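Working notes, structure below.
Protein chains: 2
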Amino acid sequence: MTTYTSLRDTPPKVLRGWMDAAIEQAEKSWSEGGIPIGSVLVDEHGAVVARGHNMRVQSGDPTAHGEMSCIRSAGRRRDWSRLTLVSTLSPCSMCSGTASLLRFPRVLIGENRTFQGAEDWMRQHGAELLVMDDPRCIALMERMKREKPDLWAEDIGD
Amino acid sequence: MTTYTSLRDTPPKVLRGWMDAAIEQAEKSWSEGGIPIGSVLVDEHGAVVARGHNMRVQSGDPTAHGEMSCIRSAGRRRDWSRLTLVSTLSPCSMCSGTASLLRFPRVLIGENRTFQGAEDWMRQHGAELLVMDDPRCIALMERMKREKPDLWAEDIGD
Numbered sequence: 019m020t021t022y023t024s025l026r027d028t029p030p031k032v033l034r035g036w037m038d039a040a041i042e043q044a045e046k047s048w049s050e051g052g053i054p055i056g057s058v059l060v061d062e063h064g065a066v067v068a069r070g071h072n073m074r075v076q077s078g079d080p081t082a083h084g085e086m087s088c089i090r091s092a093g094r095r096r097d098w099s100r101l102t103l104v105s106t107l108s109p110c111s112m113c114s115g116t117a118s119l120l121r122f123p124r125v126l127i128g129e130n131r132t133f134q135g136a137e138d139w140m141r142q143h144g145a146e147l148l149v150m151d152d153p154r155c156i157a158l159m160e161r162m163k164r165e166k167p168d169l170w171a172e173d174i175g176d
Numbered sequence: 019m020t021t022y023t024s025l026r027d028t029p030p031k032v033l034r035g036w037m038d039a040a041i042e043q044a045e046k047s048w049s050e051g052g053i054p055i056g057s058v059l060v061d062e063h064g065a066v067v068a069r070g071h072n073m074r075v076q077s078g079d080p081t082a083h084g085e086m087s088c089i090r091s092a093g094r095r096r097d098w099s100r101l102t103l104v105s106t107l108s109p110c111s112m113c114s115g116t117a118s119l120l121r122f123p124r125v126l127i128g129e130n131r132t133f134q135g136a137e138d139w140m141r142q143h144g145a146e147l148l149v150m151d152d153p154r155c156i157a158l159m160e161r162m163k164r165e166k167p168d169l170w171a172e173d174i175g176d
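Protein chains in written order, with the numbering used here: chain A, 19 to 176; chain B, 19 to 176.
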């Protein structure tokens with residue numbers, strides 16, 4: 019069974035499959051009228067073990083960013099330090115702080131052009147980060163910023 | 019109407035009243051079998067506008083620290099930058115990152131002897147911090163560490 023312990027050594031096709039799953043979550047949220055940011059958690063064998071998307075609109079919860087919803091759905095477990103956090107967007111300071119608390123060793127990011135979170139904070143806490151610069155993730159964010167600018171400002175605390 | 023915009027200039031009796039409300043939340047959680055950490059949000063006139071406590075045990079949600087539950091219960095609002103975050107314990111990196119995202123200008127902390135979170139990170143983001151070194155808060159944590167050490171290790175990501 020293949021084991022993935024480094025994003026840099028993981029085949030691009032595999033990384034893209036993980037990002038596909040996060041994008042699917044983002045699109046689901048947008049189709050519900052929500053913020054199109056999605057996230058998954060992947061174990062060291064490449065299996066998706068949890069999924070989530072931003073739920074601010076859907077549940078009225080200001081802490082329900084995509085990454086937080088994904089981690090919440092993962093429930094109580096003790097293997098965080100073997101999982102990869104995948105997000106369509108560069109994690110904000112809340113989500114980066116959470117990644118540090120749980121000691122995710124790897125964080126795969128769809129893009130950081132439309133928003134850059136606390137990437138340095140995660141690196142300082144030992145995480146390997148890889149930014150895919152995925153045009154599909156950028157397009158999701160650009161559409162939201164264009165069509166729902168107030169919602170985006172609210173979500174990012176502006 | 020009195021306005022409180024600096025913790026240093028707020029009368030100790032008033033600060034103690036806010037901490038009392040957070041401790042009440044912590045005790046409520048402990049009485050439910052949960053982790054005894056509580057939090058409230060206070061507006062600039064000193065009114066408690068939201069309350070919460072750690073919910074890991076009660077709801078199985080690993081992100082439900084006291085501060086997060088409190089902010090979640092506050093719902094969608096745009097006045098974060100006028101509120102004081104009060105917590106019985108020094109906020110961990112998740113909760114500190116959230117405080118930075120929402121730009122709370124003031125964070126009142128019960129104690130940081132049993133655990134110190136990412137206080138410098140909040141200061142770097144412009145928050146005024148005040149640590150009360152409240153023996154009641156210390157006693158809550160010491161009892162938990164003594165009686166439920168595994169639960170505490172799980173909550174703090176160890």
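Positions of the beta carbon are idealized from the N, C-alpha and C atoms, including for glycine. Computed from a predicted structure; not experimentally measured.
Contacting residues, own chain, Cβ-Cβ under 8 Å from residue i (five flanking each side not counted)
| i | result |
| --- | --- |
| LYS46 (chain B) | GLY56, HIS71 |
| GLY52 (chain B) | HIS71, ASN72, MET73, ARG74, VAL75, GLN76 |
| THR132 (chain B) | LEU107, ILE156, MET159, GLU160, LYS163 |
| GLY135 (chain B) | LEU107, SER108, PRO109, CYS110, SER111, CYS113, SER114 |
| GLY144 (chain A) | ARG121, PRO123 |
| SER91 (chain B) | ALA68, ARG69, GLY70 |
| LEU148 (chain A) | LEU25, ARG26, LEU33, ARG124, VAL125, LEU126, ILE127 |
| TRP36 (chain B) | VAL58, VAL60, GLY64, VAL66, THR102, VAL104, LEU126 |
| ILE174 (chain B) | CYS110, PHE133 |
| ASP97 (chain B) | ASP61 |
Backbone secondary structure at residue i - three-state DSSP
| i | result |
| --- | --- |
| SER105 (chain B) | strand |
| LEU119 (chain B) | helix |
| SER24 (chain B) | coil |
Unbroken alpha helix (DSSP H) run spanning residue i, endpoints
| i | result |
| --- | --- |
| ALA68 (chain A) | That residue, ALA68 (chain A), is in no alpha helix (DSSP H); its beta strand (DSSP E) goes 66 to 71. |
| ARG90 (chain B) | 84 to 92 |
| ASP56 (chain A) | First, the amino acid is wrong: residue 56 (chain A) is Gly here, not Asp. Where GLY56 (chain A) is concerned, there is no enclosing alpha helix (DSSP H), although the beta strand (DSSP E) it sits in stretches over 56 to 60. |
| LYS163 (chain A) | 153 to 165 |
| SER256 (chain B) | The requested residue 256 (chain B) is not part of the displayed model; chain B covers only 19 to 176. |
Element boundaries [beta strand (DSSP E), containing residue i]
| i | result |
| --- | --- |
| GLY135 (chain A) | Where GLY135 (chain A) is concerned, there is no enclosing beta strand (DSSP E), given that its DSSP letter is neither H nor E. |
| GLU45 (chain B) | Unbroken run through GLU45 (chain B) is the alpha helix (DSSP H), 30 to 49; no beta strand (DSSP E). |
| ARG124 (chain B) | 124 to 129 |
Contacting residues, own chain, Cβ-Cβ under 6 Å from residue i (five flanking each side not counted)
| i | result |
| --- | --- |
| GLN43 (chain B) | GLY56, ARG69, HIS71 |
| GLU85 (chain B) | SER57, SER105, PRO109, CYS113 |
| TRP139 (chain B) | SER114 |
| GLU129 (chain A) | ASP151, ASP152, CYS155, ILE156 |
| PRO167 (chain B) | none |
| TRP48 (chain B) | PRO54 |
| THR28 (chain A) | TYR22 |
Neighbourhood of residue i by C-beta, 7 Å cutoff - its chain only, sequence neighbours within 5 removed
| i | result |
| --- | --- |
| ARG154 (chain B) | ILE41 |
| SER118 (chain A) | TRP139, MET140, HIS143 |
| THR21 (chain A) | GLU62, HIS63 |
| ALA82 (chain B) | ASN72, MET73, ARG74 |
| CYS88 (chain B) | SER57, VAL58, LEU59, ALA68, ARG69, GLY70 |
| SER99 (chain B) | ARG121, PRO123 |
| ASP79 (chain A) | MET73 |
| THR23 (chain B) | GLU62 |
Closer than 7 Å: residue i CB and nearest the ligand GDP heavy atom
| i | result |
| --- | --- |
| GLU137 (chain A) | The model on display carries no ligand, and the ligand GDP is accordingly not part of it. |
Query raised in the report: At a cut of 8 Å, does the region 95 to 112 of chain B reach the region 59 to 67 of chain B through at least three beta carbon pairs?
Result: yes
Requested in this report: Could you please tell me which residues of the region 95 to 124 of chain B, in chain order, have their CB closer than 8 Å to any CB of chain A?
Outcome: ARG95, ARG96, TRP98, CYS110, SER111, MET112, CYS113, SER114, GLY115, THR116, SER118, LEU119, LEU120, ARG121
Report task. Identify each residue in the region 131 to 156 of chain A for which the Cβ-Cβ distance to at least one residue of chain B is less than 7 Å, and report them in chain order. Result -> ALA136
Report task. Below 7 Å between beta carbons is the criterion; list the residues of the region 75 to 89 of chain A that meet it against any residue of chain B, in chain order. Result -> GLY78, ASP79, PRO80, THR81, MET86, ILE89
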